[in-house]
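Note sheet for the following structure.
Residue numbers (full-length UniProt numbering): 1 to 131.
As structure tokens, this is what we get:
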């Protein structure tokens, strides 16, 4: 109680009287707050329909890419988007990064060049089409 009174008396928590939109985010919101992932080049979370299309595209390449964990596949793809944004024309580097990023127990060294090119295509199409 004393700590609360001290905080209130010192003005802690008081700001510019504008609500902090990121304290309690809307669960349907897919955008990324400024100053966090968006600044790092990580695109926003896809909506459920887009995530499903992305996972389906990856399953067509090799079912082991997603292996039942759509969230992990989306996270890996969003992380790869950082490299796509930084070097969109460097196909060799992007494919190498895809090989390193997308691994599984059966593919600990990645899915190889041919499949990784297809994975990269799906990442670009569904997760970072503007990069």
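Glycine residues also receive a C-beta, built at the ideal position from the N, C-alpha and C atoms.
{"query": "Residue environment, residue 86, which counts as buried when at least 16 other CB atoms sit within 10 Å", "result": "exposed"}
{"query": "Neighbourhood of residue 83 by C-beta, 8 Å cutoff - its chain only, sequence neighbours within 5 removed", "result": "93, 94 and 97"}
{"query": "DSSP three-state assignment for residue 89, whether helix, strand or coil", "result": "coil"}
{"query": "Residue 23 in three-state terms, based on DSSP", "result": "Caution is warranted here: a pLDDT of 37 is assigned to residue 23, below 50, making its placement in the model unreliable, and the coordinate value is therefore given only provisionally. Residue 23 falls in the coil class under three-state DSSP."}
{"query": "Range of the contiguous alpha helix (DSSP H) that encloses residue 116", "result": "112-126"}
{"query": "Limits of the alpha helix (DSSP H) - the one that residue 52 falls within", "result": "48-61"}
{"query": "Exposure of residue 110, with buried meaning 16 or more beta-carbon neighbours within 10 Å", "result": "buried"}
{"query": "Residue from 43, 79 and 122 with nearest C-alpha to residue 53", "result": "122"}
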